[in-house]
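Below you'll find the structure, written out as structure tokens, and then a few comments.
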Amino acid sequence: MTNTPNHAYFAITDLAVPLPENWYFHDEGASKLESNLDLLIHPPLCPQTIPGRSLEIVRAHIYNQLIQEGIPEQEAIIQAQHEAFYQEGHYQRMMSRLHESGVSLLLKPLGINETHIHMLYLDEGRQDLNTFIRGHEEQHCISYIPGALALLEEKITQHREKPIRFNKIKDEELAADCNGIHALVTHNYDLDPVQEHYIKNDPINGKQFAHARYIYENDEYNGIRFEWTYLKSKLKI
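Offset between the sequence shown (1-based) and my numbering: plus 1326.
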């Protein structure tokens, strides 16, 4: 199944979601993390980075908005470039050298009766990591669409006795990780190597992965109980 004007299809989650009128979903495909300089210079015939592609998408939406407002083309090009780079956070992202595994953009240009969702995700060179990242970003995109989280919860019950109650998870990144866990489970990947990878390379994300796994495996949304369980695992109690 592919995306249609009326539905967004999330491949890793295997879920087709009806879109409201004038909503559009764009799966931008896998990106490569080469260099933050690719924000400005994109080598020909090379996979584009998430920051570089994100900048292009935001710039195009701002440009279309400015044209709708009657701004002359050349002025619109310059203004869109400036606003996308400085006002939309791309400059800070480049300077921070942030490693981004995925980005989900919800764009509603002023003066244009359209809503666009763009999903970008990183090719980490490992299928288990890629599956987790895709599941994570798909949950973000699904959460943007009115009524779609209920469809996702219903879908999850096909593989698990209970749905994940996303409304009980206040942290949006943790909620998205829960769908990443679900994606790994339904695609028959071992969770341990993925958790070890994140704990080793990014302890903060590693702990968040462990928390999402705790919710998924125990149907337990109490953060204090997770913290105690995680502490005991670290201290080998």
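Every residue gets a Cβ at the ideal spot worked out from N, C-alpha and C, and that includes glycine.
Item                                                                                                                                                               : Value
May I have a chain-ordered list of the alpha helix (DSSP H) segments no shorter than 4 residues that lie completely inside the stretch 1392-1471?                  : 1399-1408, 1416-1422, 1453-1470
Using a Cβ-Cβ cut-off of 8 Å (strictly less than) and excluding sequence neighbours within five positions of Arg1539, which residues of its own chain qualify?     : Ile1507, Leu1517, Gln1521
If contacts are defined as beta-carbon pairs under 8 Å, then Leu1436 and His1444 qualify, I think. What distance do you get, rounded to the angstrom?              : Contact doesn't hold; Cβ gap of about 17 Å is too wide.
Select from Pro1472, Leu1392, Gly1451, Lys1358 the residue whose C-alpha is nearest the C-alpha of Pro1346.                                                        : Pro1472
Which class does Asp1340 belong to by DSSP, given the choice of helix, strand or coil?                                                                             : coil
Is DSSP giving Glu1487 helix, strand or coil here?                                                                                                                 : coil
Count the other CB atoms, across all protein chains shown, that sit within 10 Å of the CB of Glu1495; report buried if there are 16 or more and exposed otherwise. : This sequence places Ile at residue 1495; Glu is not what is there. Classification of Ile1495: buried, given that the 10 Å Cβ count is 16 or more.
The beta strand (DSSP E) with Asp1528 in it runs from where to where?                                                                                              : Per DSSP, Asp1528 belongs to no beta strand (DSSP E) and is neither H nor E.
On a Cα-Cα basis, can you pick out the residue from Glu1399, Pro1398, Arg1385 that is closest to His1408?                                                          : Arg1385
Taking Phe1354 as part of the beta strand (DSSP E), name the residues at either end of that continuous run.                                                        : According to the sequence provided, residue 1354 is Glu. The question's Phe does not apply to it. Element bounds for Glu1354: 1349-1357.
Buried or exposed: where does Lys1481 fall if 16 or more other Cβ atoms within 10 Å of its Cβ makes it buried?                                                     : buried
According to DSSP, simplified to helix, strand and coil, what is His1513?                                                                                          : coil
Please name the residue in Glu1426, Ile1338, Glu1487 whose C-alpha comes closest to that of Asp1528.                                                               : Glu1426
Is the beta carbon of Ser1559 closer than 8 Å to that of Leu1446?                                                                                                  : no
Check each candidate in Glu1463, Asn1348, Asp1454, Asp1497 and name the one with the smallest Cα separation from Pro1519.                                          : Asp1454
Could you check how far apart the C-beta atoms of Tyr1556 and Ala1536 are, in whole angstroms? I think they sit under 8 Å.                                         : 6 Å
Going by other Cβ atoms of all chains shown within 10 Å of its Cβ, with 16 needed for buried, is Asp1353 buried or exposed?                                        : buried
Could you say which of Gln1391, Gln1465, Gly1396 lies nearest to Leu1342 if we only look at CA atoms?                                                              : First, the residue type needs correcting, since residue 1342 is Ala and not Leu in the sequence shown. Nearest of Gln1391, Gln1465, Gly1396 to Ala1342, Cα basis: Gln1465.
Note down the Cα distance separating Glu1440 from Tyr1350, rounded to an integer number of angstroms.                                                              : 8 Å
Mind checking Gln1394: buried by the 16 CB within 10 Å criterion, or exposed?                                                                                      : exposed
Here's the rule I'm using: 16 or more other beta-carbon atoms within 10 Å means buried, otherwise exposed. How should His1485 be labelled?                         : exposed
Skipping 5 residues on each side, what residues in its chain have a beta carbon closer than 7 Å to that of Asn1348?                                                : Asn1439, Glu1440, Thr1441
For Asp1449 and Gln1400, I'd like the C-alpha separation in whole angstroms.                                                                                       : 35 Å
To the nearest angstrom, how far is the alpha carbon of Gly1568 from that of Ile1403?                                                                              : Here the chain comprises residues numbered 1327 to 1563, so residue 1568 is not present and cannot be evaluated.
When you compare only the Cα positions, how much space is there between His1523 and Thr1512?                                                                       : 20 Å
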